[in-house]
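Residue numbers (the numbering used here): 562 to 1313. One structure is given below, encoded as structure tokens.
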């Protein structure tokens, strides 16, 4: 039969279609998609057939009514009859809308031709809506956005025109308006679905523009179409008061909002780490931001700009969005509890990196980006707060670092191994290097931000250095005191005290170098007083260090100095030989002391040896019995003065020090003792006094006592006469006798 043949044909056609669809293995994955599409087509055809039969009935019925009513000429009957018949024929509430519309059309006095046009339009719309909705849905799913939008516009046009006609005939009838709206309800979902696709493309526009610029262009075209319709609808609203639901869509505005959110998210999303997981989290975060923003803006300038109409001004809009998003992010970061190094990283980035050639100042972004016209990312107030916080954090950090550095250095002082020597062989510890390396690092960091901060940090470093040196001085003093309690400990006391002295010179040089490198000439005056103060403290530390080392020498010399000017000495003791060997031995170590301290040390040692020798004379431990003893004692003194002269000449080799004068004093005293003619004694003594005017009466008395041949009256006469004599001291003479006290006879001594 015909039916069976039709069925067979249908099956054959279906098999052929399925075979066509499934020619490649990868198409099996799409079976479900094909099944859904075919189901939709089938439903669409069935709906169309059903509607078509209804319309055929409607049209047929209307034709009959039209012919009948035309004969009667009764207007009222004609209207009502049409209304009733239409409900009977169609039996559907949507057709009921149409029937009511028709009544209004008749009422409106349209011509027969116009009425037919409206009828035709309605039936077309009614018949096509579900089908067009499905087709549009398919197009959206396939990503054919331009075609989908074209269909969506057709649907919206149908609905809007129907609504407009309804509005013109009866603007207060919201019920019928809602029925039309409901019938076209799916269309609203389509519009939202399409918009969702557009915004996905917009969100990824900087990626899309590289891979598929035509897709982005399509999106922009759709937005432009919608903008045009928005304008048209708003114009109509001004004239008629009617605007369809959902208008204006403002898709262009939404697009910019989406872009703005995307930019914000992109910048916020670059923080991969936290302080807990990575100490360099902020540096990393800022570097990623820099890279992303620069890349994005370069793409925006070279590619994105071409996909948008000129009036969108897309590059400048994006530039402002990035600037705003960065400003927000930087303010958020500034509000966090940042550490000192993090504050520096942030401020360096905000104040310098942002406008540098590594970012906004990149030559490829000009002339569109003018760094001079960019507003600051954070306000000056916030910058000042951060700087203030940085300075207070840095202050406490520097105090902590310096304290720790000194504690570490002190631990070295008690080691049993000698300190390291520098390339010239001078002992040193790592303290100055550690301190100035820390200062350098902080100054370099501050210099990245600005000149002003660099100067502030330098002042801070030197101010803290000043306090630190006072502590250093106290610690060196304590070190000496501890050593004096037990001279066997620490084992390398002398070597570490030398290192402390040398450090003073290194500190001096480092301060000068630091100022030269980081301080502007005009700022010199502000630092001169603190510099002077530091130099003075360093000189005290070095001087006290040298003094403590000489104390070591003279503690070892004490038993030998006690032998001088005794009977044993006169009989031929080798005390001075031992003194010279001991001093020379110590000075082998002292060779590791830097100039100028070593020179000072040699002069001071020379001076102290001479002072101790003269003190031994003034102690009156011996009183020569006769001219023979006086001669022997004096010659021994002259010989020993020569030994000292030779020793200190050797120690001062190359320093240009005048070693002659001091030993001359011993020789001058020896001459007074050696004198054989007592009548010339006054003359000899007065010569001595004129050369060394700080000699006191008690020194003269002690000297005459050692001679052993001057009566009390003679001593009295010589001393009284001397007071009137002129003095002719050497201009280079440094008073030496004032340091020497002469013991006075105590009661126990008299009793002996």
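Note that CB positions come from ideal geometry on N, CA and C, so glycine has one too. Model, not experiment: these values are computed from the prediction.
- Apart from sequence neighbours up to five positions away, the residues of its chain that approach residue 905 with a beta-carbon distance below 8 Å are 951, 1006, 1007, 1009, 1010, ordered along the chain.
- Comparing C-alpha distances from residue 1145 to each of 597, 1246, 1205 shows the shortest one belongs to 1205.
- Classified as exposed, residue 839 has fewer than 16 neighbouring CB atoms from the shown chains inside 10 Å of its CB.
- Relative to the Cα of residue 724, the nearest Cα in the group 923, 801, 826, 784 belongs to 801.
- For residue 961, the number of other beta carbons within 10 angstroms of its own is below 16, and it is reported as exposed.
- Per DSSP, the unbroken alpha helix (DSSP H) holding residue 1260 starts and ends at 1258-1268.
- For residue 872, there is no enclosing alpha helix (DSSP H), as DSSP marks it with neither H nor E.
- When C-beta atoms of the segment 1195-1202 are compared with those of the segment 1155-1163, fewer than three pairs fall below 8 Å, so the two segments do not count as touching.
- Counted as a single uninterrupted DSSP element, the alpha helix (DSSP H) harbouring residue 724 occupies residues 706-730.
- With a 10 Å radius around the Cβ and a threshold of 16 neighbouring Cβ atoms, residue 794 comes out buried.
- The alpha-carbon separation between residue 1176 and residue 1108 amounts to approximately 19 Å.
- Runs of alpha helix (DSSP H) with 4 or more residues, each lying fully within the segment 938-1017, are found at 941-974, 992-1010, listed in chain order.
- DSSP, read as helix, strand or coil, puts residue 1053 in coil.
- The straight-line gap separating the alpha-carbon atoms of residue 1191 and residue 1154 is approximately 41 Å.
- DSSP, read as helix, strand or coil, puts residue 745 in coil.
- For the 7 Å CB-CB criterion, residue 886 and residue 939 do not form a contact.
- Exclusion of the five residues before and after residue 1096 leaves 1069 as the residues of its chain whose Cβ lies within less than 7 Å of its Cβ.
- Counting only runs of 4 or more residues that sit fully inside the segment 1115-1150, the alpha helix (DSSP H) segments are 1128-1131, in chain order.
- Boundaries of the alpha helix (DSSP H) around residue 767: 766-772.
- Scanning its chain for C-beta atoms nearer than 7 Å, with the 5 sequence neighbours on each side dropped, one finds around residue 1139 the residues 1121, in chain order.
- When 1293, 745, 786, 765 are compared, the shortest CA-CA separation from residue 708 is found for 786.
- Nearest in C-alpha terms to residue 751, of all of 1049, 956, 717, 775, is 717.
- Closest in C-alpha terms to residue 1202, from the list 1174, 974, 1183, comes 1174.
- With contacts defined as CB atoms closer than 7 Å, residue 869 and residue 929 fail to qualify as a contacting pair.
- In summary, residue 1194 is buried, with 16 or more beta-carbon neighbours lying within 10 Å of its beta-carbon over all protein chains present.
- Residue 902 counts as buried, since no fewer than 16 other beta carbons sit within 10 angstroms of its beta carbon.
- Relative to the Cα of residue 602, the nearest Cα in the group 691, 971, 998, 730 belongs to 691.
- For residue 833, the three-state secondary structure derived from DSSP is coil.
- In the three-state reduction of the DSSP assignment, residue 922 falls in the coil class.
- Each residue's CA atom was taken as its position, placing residue 733 and residue 803 some 12 Å apart.
- Our two residues, residue 807 and residue 714, have alpha carbons roughly 13 Å apart in a direct line.
- For residue 572, the enclosing alpha helix (DSSP H) covers residues 563-582.
- Rounded to whole angstroms, the separation of the alpha carbons of residue 582 and residue 588 is 7 Å.
- If you compare the alpha carbons of 830, 815, 881 with that of residue 781, the shortest gap goes to 815.
- Of the residues 1188, 1207, 1105, the one whose Cα lies closest to the Cα of residue 1142 is 1207.
- In the three-state DSSP reduction, residue 1272 falls in the coil class, being neither helix nor strand.
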